[in-house]
Amino acid sequence: MQRGRSWFGCVPMSKAALPVERDFDLPAVKPSWPSSVSDGGFAKGSIDLGGIEVRQVTTFAKVWSTTQGGQDGLGATFFKPAPVPTGFHALGHYAQPNNRPLFGHVLVTRDASGTGALLAPPLDYALVWSSGQDDGAGFFWLPTPPDGYKAVGVAVTATKDKPQPGEVMCVRADFTDACEAEESVWSSDKDGFSATALRPAVRGIDARGVHTGTFLARSDVAPASVSALACLKNNSAAYTSCMPDLAQVNAVLAAYSPHVYLHPNDPYLPSSVTWFFENGTLLYQKGNPTPTPERLAQLVNKLLVGEGPTGPKMKGSWRNDERDP
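Heads up: the sequence shown runs through residues 3 to 327, numbered per this note's numbering.
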């Protein structure tokens, strides 16, 4: 499945194609990754978040587009994930500025806990904004979640009819985390509408928030805050189990890491001072026929006798320092 693949209608010959109407493709075919020796979940296509299983969808069907305003004045396009894998449910729709090739994803999910209680359809949809009143306009809907659940994304339609209850699903609150506004996708002076990409509010190697690829829609008529939507939360006890193992990391590096080429006469080495200290670099005395190497860190400790008021000092260099004799 290719990333960012979409279904667009025909474009008039007199109108130049927008960048978003092209699909972003990697310059080379994606390599196949080795299987995990520890039965990890890297590159298996789905991740279990502790009862909620998620998959990434990168193919879309266009719902509504505008060619005015936004980044570079080219507008934005709003998509729904299509097709959604059997048994999975969309959490929200996807939005992207028109000034770059289509390159995005949303997560779709299914309840893998066996309880059937982790996902629920919204009770209703509230109209946030519409570009007009006739069919063909863009209508943006905020799901109303049941008690104990959170909405993760909004739905977009090209008619004034509300989306079907199962168009997007809500997630039980303990499987969600706080999110924050990221990039502005598009805005309109009409009723102060804005569409903004979302990301987890807390990020880092120990953070549990999961980026879903959805966006927030709000307007002066329906001034929803970022807290109206949530991202997913990884509740798995082994939440790092889908990270690549060493063999897979090496395969990724072999495929995508840059290569550094140095000229034979280049006087510089691609290593930091910290690297020399931490890797036990050996120093030799030039001209000594039987040299006894010293580690760089040990030599520095010999030269420095301690911290003075103005920093580390070499032997015999305390004169004029702010140190009492």
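Here a beta-carbon is modelled for each residue, glycine too, at the ideal position from N, C-alpha and C. Keep in mind the model is a prediction, meaning the values are calculated, not measured.
- Taking the CA atoms as reference points, Gly-138 sits about 42 Å from Ser-34.
- The residue among Ser-221, His-91, Lys-82 with its C-alpha nearest the C-alpha of Gly-118 is His-91.
- A contact between stretches requires three or more CB pairs, one per stretch, nearer than 8 Å, and the segment 161 to 170 meets this requirement with the segment 119 to 135.
- Per DSSP, reduced to three states, the secondary structure at Val-187 is strand.
- Segment contact: the segment 192 to 206 against the segment 167 to 176, fewer than three CB-CB distances shorter than 8 Å; contact not assigned.
- A straight line joining the alpha-carbon of Val-187 with that of Val-108 spans about 15 Å.
- Separation of the CB atoms of Ile-54 and Thr-111 is rounded to 5 Å, and the pair is thereby assigned contact status at 8 Å.
- In the three-state DSSP reduction, Gln-98 falls in the strand class (E or B).
- The three-state secondary structure of Gln-300, taken from DSSP, is helix.
- One thing to note: Gly-71 has its Cβ no nearer than 8 Å to the Cβ of Gly-155.
- Among the bridge pairs identified by DSSP, Gly-211 is matched with Lys-235.
- The shortest C-alpha to C-alpha distance from Val-275 to any of Phe-80, Pro-123, Leu-298, Ala-226 is the one to Leu-298.
- Distance from Cys-233 to Val-212 at the Cβ level is roughly 6 Å; contact confirmed, criterion being Cβ atoms closer than 8 Å.
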